[in-house]
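Below: the structure, in structure tokens.
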Amino acid sequence: MVTLEGDRLVFRFPNVHAEARLTVTFQRTLRIPDDDRHYPLPPGLGAFPLRHMDDYRRRLPKAWVERGGVLMPMHQAEAMWISFRGDYPMAVAVATGKVDAITGSPLTRGLHRGPQDYLVTPGQPWLDGFCVEQGVIRQFVAMPLGQGYSAEEQISRTAEHGGLQLVVHPLKAAAYRELQRERARISRRSTGEIARRAADMGLAPGGRMRQEVYQDPFAPSDWSQKHMGRCFITIVNTVLWPSLTGETPPSVSPTASDYTKAGLPWFEYYDPGAVALRGSDTLARVRSVKALSESKGVSVLPENQSVDVQRTTRIHALRPRRVRDGRR
Amino acid sequence: MAASRPTRTAPRRPRRASQPRFGAYIRELRERLRKTDPSSSLRQVAQRIHVQPAYLSQVERGNVAPPSEATVRRLAKELGEDADVLLALAGKVSDDLQEVIRRRPTLFAELLRSLKAAPTHAVLRVVREVRDGKW
Chain R
21 MVTLEGDRLV FRFPNVHAEA RLTVTFQRTL RIPDDDRHYP LPPGLGAFPL
71 RHMDDYRRRL PKAWVERGGV LMPMHQAEAM WISFRGDYPM AVAVATGKVD
121 AITGSPLTRG LHRGPQDYLV TPGQPWLDGF CVEQGVIRQF VAMPLGQGYS
171 AEEQISRTAE HGGLQLVVHP LKAAAYRELQ RERARISRRS TGEIARRAAD
221 MGLAPGGRMR QEVYQDPFAP SDWSQKHMGR CFITIVNTVL WPSLTGETPP
271 SVSPTASDYT KAGLPWFEYY DPGAVALRGS DTLARVRSVK ALSESKGVSV
321 LPENQSVDVQ RTTRIHALRP RRVRDGRR
Chain U
135 MAASRPTRTA PRRPRRASQP RFGAYIRELR ERLRKTDPSS SLRQVAQRIH
185 VQPAYLSQVE RGNVAPPSEA TVRRLAKELG EDADVLLALA GKVSDDLQEV
235 IRRRPTLFAE LLRSLKAAPT HAVLRVVREV RDGKW
């Protein structure tokens, strides 16, 4: 079951295990400069508001209501990262406009390994963008659907879905029990109809950032393919958010330049025991918002000047990772 | 002349030292984090949540009452714990929940009492699910 608790999406699988729970939030952040430098991870500036689609159904396009899920406001050219929290291992497919953000392939049912089209929590605490190379992502940036910037439009040549989709599978209870035993051993050793086009947003690739998407450390048979929770997050242009919900959207985030000048830290995530995925050739070929807007002769990214990051905080992986056991 | 009536006041209750479980719980969380991240020392955490280290130490040992809601929220963020869990351990009801109850006090009081002894899966059925549609 998927519930909305405040601004958190919570995926639970009580039929699999009482502790099978994953909390997802969508974090406001700086848009990193799109200048082909590799930046560290920007900070979280608080969660985007999430609202039940059904609470505003009379004001929304029929196509949105049919897909259910939740609504989330984003400013044009605003960036976002996804935070995953929970101790119980989950396999999470993240798609934008039904294009997988890790492989660039269309979102399909089930979990796949060749190439891996999902991430695994809790080893992967965040995802900031599209996986374009090993250890490099291009930041998620919201752009109006229909203008050609989104990964969906560039890869599938349609502007049909937009938004963001999450599909979550839990680890089977037996594999979890085995993991708990292993963790205990490690612990002992170590101690109203609105024109749809105007409001609908998709996610497009922005600047480059150092972030690894990790290889699944579990065996394929450890995952429960028959239990699945999924949610469609419709991204609404903040210009229309007040008329849809009666609420004020969050203010515009500070620029990367202002943030850095204030001496505030950027971040790096370090997990020596994890193996990074190679990255997607399809996504590597997708053009960034800046490159595409320049070829169109328009400017859609305000404040894109490069910044010199002076202060980076390294965050170490907290939880012991499972050692690959070769059962495959 | 009318006799003045002395004001009746309830005898002052001795101040409870603290919610001892709260202190022990946050200390355990912080110490666990400190094993992999030296910046989770008492001094540095105290600095980041804007309290004196000596005060945080007293809170962890259960010698003083838990801090304000705002401080508990900062602490929850710092320790990676759910703010509602820490507020409950601190014996507090968050401002937003109080507001929810104040708007419809009878309804929510009845709802909470009726769910008091319900098992978790029954409570979860009351929590509203996000509807999944066709996509």
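Residue numbers (my numbering), protein chains in the order written: chain R, 21 to 348; chain U, 135 to 269. C-beta atoms are modelled at their ideal positions from N, C-alpha and C, and glycine is treated no differently. Since this is a predicted model, take the numbers as computed values, not measurements.
- Message: Since P201 (chain U) and V193 (chain U) should fall inside the 8 Å C-beta cutoff, what is the C-beta to C-beta distance between them, to a whole number of angstroms?
- Response: The beta-carbon distance between P201 (chain U) and V193 (chain U), rounded to whole angstroms, is 6 Å. This is short enough to meet the 8 Å contact definition.
- Query: Among all the DSSP beta bridges, which residues are the ones paired with N13 (chain R)?
  - Reply: With chain R covering only 21 through 348, there is no way to say anything about residue 13 (chain R).
- DSSP three-state assignment for S165 (chain R), whether helix, strand or coil: With the sequence shown as reference, residue 165 (chain R) is identified as Leu, and Ser is not the correct amino acid for it. Secondary structure of L165 (chain R) (DSSP, three-state): coil.
- Query: How many Å lie between V327 (chain R) and T49 (chain R) at the Cα?
  - Reply: Between V327 (chain R) and T49 (chain R), the C-alpha separation is close to 15 Å.
- Query: Quick one, are the C-beta atoms of A210 (chain U) and A217 (chain U) less than 8 Å apart?
  - Reply: Closer than 8 Å, so yes.
- Under the three-state reduction of DSSP, which class applies to T268 (chain R): helix, strand or coil? The answer is coil: DSSP assigns T268 (chain R) none of H, G, I, E or B.
- With C-beta atoms as the reference, is I255 (chain R) less than 8 Å away from A162 (chain R)? Yes, these two residues count as a Cβ contact at 8 Å.
- Item | Contact set between R265 (chain U) and chain R, taken where Cβ atoms lie within less than 8 Å | Residues of chain R whose Cβ lies closer than 8 Å to the Cβ of R265 (chain U) are, in chain order, H72, M73, D74, G88 and G89.
- Item | Of the residues U:V206, U:L241 and U:G196, the one placed nearest V227 (chain U), counting alpha carbons only | When each option's Cα is compared against that of V227 (chain U), the closest is U:V206.
- Listing by chain order, which chain U residues have their CB less than 7 Å from the CB of T23 (chain R)? Residues of chain U with a Cβ closer than 7 Å to the Cβ of T23 (chain R) are, in chain order, V261, R262, E263 and V264.
- Three-state class that DSSP yields for S244 (chain R) in the structure shown: If DSSP states are grouped into helix, strand and coil, S244 (chain R) belongs with coil.
- Message: When you compare the CB positions of V264 (chain U) and L29 (chain R), do they come within less than 8 Å of one another, or not?
- Response: Yes, these two residues count as a Cβ contact at 8 Å.
- Which residues bound the alpha helix (DSSP H) around I19 (chain R)? The structure shown does not extend to residue 19 (chain R), since chain R spans only 21 to 348, so no value can be given for it.
- Item | Neighbouring residues, chain R, relative to D171 (chain U) (Cβ below 7 Å) | Within 7 Å of the CB of D171 (chain U), the CB atoms of chain R belong to H336, in sequence order along the chain.
- Give the interface partners of L258 (chain U) over in chain R, defined as CB-CB distance under 9 Å, in chain order. Correct list: M21, T23, R32 and P34.
- Could you give the C-beta distance for V156 (chain R) and R228 (chain R), rounded to a whole number, given that I count them as a contact under 8 Å? Between R228 (chain R) and V156 (chain R) the Cβ distance is about 6 Å, and since that is below 8 Å, they are a contact.
- Going by beta carbon distance, what residues of the same chain come within less than 6 Å of T211 (chain R), once the five residues before and after it are set aside? Here the model assigns T211 (chain R) a pLDDT of 44, short of 50, so the residue's position is not dependable and the matter cannot be decided.
- Item | Residues that F252 (chain R) contacts on chain C, provided the C-beta gap is smaller than 8 Å | Annotation note: the requested chain C is absent from the structure, which comprises protein chains R and U.
- Pull up the distance between the alpha-carbon of R158 (chain R) and that of F46 (chain R), whole angstroms please. Distance between the alpha carbons of R158 (chain R) and F46 (chain R) is about 16 Å.
- Message: I want to see whether chain R comes within less than 8 Å of H255 (chain U), judged by CB atoms only; does it?
- Response: It does; some Cβ of chain R falls within 8 Å.
- Task: Check the Cβ-Cβ distances between H181 (chain R) and every residue of chain U, and say whether any is below 8 Å.
- Result: Chain U places a beta carbon closer than 8 Å to that of H181 (chain R), counting this residue as a contact.
- Query: Does any CB atom of chain U fall closer than 8 Å to the CB of L7 (chain R)?
  - Reply: Examination of residue 7 (chain R) is not possible in this model, given that chain R is present from 21 through 348 alone.
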